[in-house]
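Colleague: Position 147 of the sequence shown, counting from 1, maps to 147 under full-length UniProt numbering, and the rest follow consecutively. Beta carbons: idealized from backbone N, C-alpha and C, even for Gly. Only a predicted model underlies this, so the values are computations on that prediction, with no experimental measurement involved.
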Amino acid sequence: MESSWKSFRVDPVSAPWEPARYNVVVEDGREYGRWRRVLRRHSHGLTVISRYKAPPGKAWKIVGKAPELGEEVFIMEGAYYNGSGRVIAGPGTFMFNAPGAVHGGICRDLTLFIHCCSGEPDELLSVDLVDFETKEDPPASGVQIAIAGK
Numbered sequence: 001m002e003s004s005w006k007s008f009r010v011d012p013v014s015a016p017w018e019p020a021r022y023n024v025v026v027e028d029g030r031e032y033g034r035w036r037r038v039l040r041r042h043s044h045g046l047t048v049i050s051r052y053k054a055p056p057g058k059a060w061k062i063v064g065k066a067p068e069l070g071e072e073v074f075i076m077e078g079a080y081y082n083g084s085g086r087v088i089a090g091p092g093t094f095m096f097n098a099p100g101a102v103h104g105g106i107c108r109d110l111t112l113f114i115h116c117c118s119g120e121p122d123e124l125l126s127v128d129l130v131d132f133e134t135k136e137d138p139p140a141s142g143v144q145i146a147i148a149g150k
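#1: Let me know if VAL73 comes out buried or exposed under the rule of 16 or more other beta-carbons within 10 Å of its beta-carbon.
#2: Grouping DSSP H, G and I as helix and E and B as strand, with all else coil, what is PRO19?
#3: So who's on the other strand from ARG36, going by DSSP bridges?
#4: On the DSSP bridge assignment, give the partners of LEU125 in chain order.
#5: According to DSSP, simplified to helix, strand and coil, what is residue 154?
#6: Quick one: Cα of LYS150 to Cα of TRP60, how far?
#7: Quick check: the stretch 40–51 against the stretch 90–105, are at least 3 beta-carbon pairs closer than 8 Å?
#8: Please report how far the alpha carbon of ALA66 lies from the alpha carbon of ALA20, in whole angstroms.
#9: In whole angstroms, what separates the C-alpha of LEU124 from that of TYR22?
#10: DSSP on PRO12, reduced to helix/strand/coil?
#11: If you compare alpha carbons, which of ASP109, GLU71, VAL127 and ARG41 is closest to ASN97?
#12: Under 8 Å by Cβ, that's how I've got ILE75 and LEU112 pegged, so tell me the actual separation to the nearest angstrom.
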């Protein structure tokens, strides 16, 4: 199978932030959930930046299954937590989720750079908004990602 490869660039205004279907609006009137910005879509790989934001006192508990060729994830900002509120992966952490691997974590405010090697995103197995309190904050990161209007 032959593929056509072309160089390109994605400017801040050329790819919109797409909200997830599970986003919620709570009492404070703000929307919380996940926003995704597709940087590249090709049969070789889907490359996105995903930003998660939970309401105060809550967190997103997400479990997914990696696509057939796996996925690469780099934490730009924020953290994954364990069930007792401790950071298990913070800014600068790189993870490879092997093909078919079930993986996930708990996050409050998290920005990820993701490359899905097969060109398909994870299969979401569960997405839950849970009551949550952290025991520690993630280390600071120098990476800043802004979502217009968020």
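Modeller: This is what the structure gives:
#1: buried
#2: strand
#3: Answer by DSSP bridge pairing, in chain order: GLU18 and SER50.
#4: Its beta-bridge partners do not exist; DSSP assigns none.
#5: Nothing can be reported for residue 154, as the shown portion of the chain is limited to 1 through 150.
#6: Residue placement at LYS150 cannot be trusted, given a pLDDT of 47 that sits under 50; what the coordinates show is reported in the next sentence. Within the model, the alpha-carbon separation for LYS150 versus TRP60 is close to 17 Å.
#7: No, the stretch 90–105 is not in contact with the stretch 40–51.
#8: 18 Å
#9: 11 Å
#10: coil
#11: GLU71
#12: In this structure, ILE75 and LEU112 form a Cβ contact; the two beta carbons are roughly 6 Å apart against a cut-off of 8 Å.
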